[in-house]
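Peer 1:
Numbering (our numbering), first residue to last: 432 to 547.
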């Protein structure tokens, strides 16, 4: 195994083992809890815009989805930041196994077919 491959694997293991250290809070405000109801908690974890994933099987991923109404109550690390329009948005920065496996919303094609 080459030195680069060994270094990459070591880095991936360290990042997967210590997500709070790897992600940090990037100067954003951390919010405990968030908006949501029992139905959204039941569907969670879900993600429409997948972030960074490890190469492990199954993958451990972050999600890049943001919401103006807050994070799912099951999110352990909900971060509040300001979008380009100056409005507050929330993002769950948890690293979760198979976070990106299920979409939170239906794909546009499926939604259009359901409406027709």
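Every residue gets a Cβ at the ideal spot worked out from N, C-alpha and C, and that includes glycine.
What you are looking at is a predicted structure, and each value in this text was computed from that prediction instead of being measured.
Counting only beta-carbon atoms, is residue 480 nearer than 8 Å to chain B?
Peer 2: Looking at the structure shown, chain B is missing, and only one protein chain is on hand.
Peer 1: Leaving out the 5 sequence neighbours to the left and right, which residues in its chain are closer than 6 Å to residue 493 when beta-carbon positions are compared?
Peer 2: On the chain shown, residue 493 is found 62 positions in, with the first residue counted as 1. Closer than 6 Å at the Cβ level, and outside the excluded window around residue 493, lie 482, 483, 526.
Peer 1: Could you check which residue in 487, 433, 503 has the C-alpha nearest to that of residue 535?
Peer 2: For the purposes of this step, residue 535 is taken as residue 104 along the chain shown, with counting starting at 1. Among 487, 433, 503, the Cα nearest to that of residue 535 belongs to 503.
Peer 1: Quick one: what's got a C-beta closer than 8 Å to residue 513's C-beta in the same chain, skipping five residues either side?
Peer 2: If you number the chain shown from 1, residue 513 lands on position 82. Result list for residue 513: 519, 520, in chain order.
Peer 1: Just grab the DSSP bridge partners of residue 498 for me.
Peer 2: The sequence position of residue 498 within the chain shown is 67, counting from 1. Note: residue 498 sits in a beta bridge opposite 521.
Peer 1: Using a Cβ-based criterion (distance less than 7 Å to any ligand heavy atom), does residue 476 qualify as near the ligand ZN?
Peer 2: With respect to the ligand ZN, the structure shown offers nothing to examine, as it has no ligands at all.
Peer 1: Does residue 516 pass the burial test, meaning 16 or more other C-beta atoms within 10 Å, or should it be called exposed?
Peer 2: If you number the chain shown from 1, residue 516 lands on position 85. Burial call: exposed.
Peer 1: Under 8 Å, do residue 480 and residue 498 count as touching if we go by C-beta distance?
Peer 2: Working through the chain shown from its first residue, we reach residue 480 at position 49. Working through the chain shown from its first residue, we reach residue 498 at position 67. For residue 480 and residue 498, no; Cβs fall outside 8 Å.
Peer 1: Going by C-alpha to C-alpha distance, which of 476, 488, 509, 489 sits closest to residue 523?
Peer 2: For the purposes of this step, residue 523 is taken as the residue at position 92 of the chain shown. That would be 509, whose Cα lies nearest to the Cα of residue 523.
Peer 1: Whose CA, out of 529, 537, 433, lies closest to the CA of residue 486?
Peer 2: Taking the first residue of the chain shown as 1, we reach residue 486 at position 55. Comparing Cα-Cα distances from residue 486 to each of 529, 537, 433, the minimum goes to 529.
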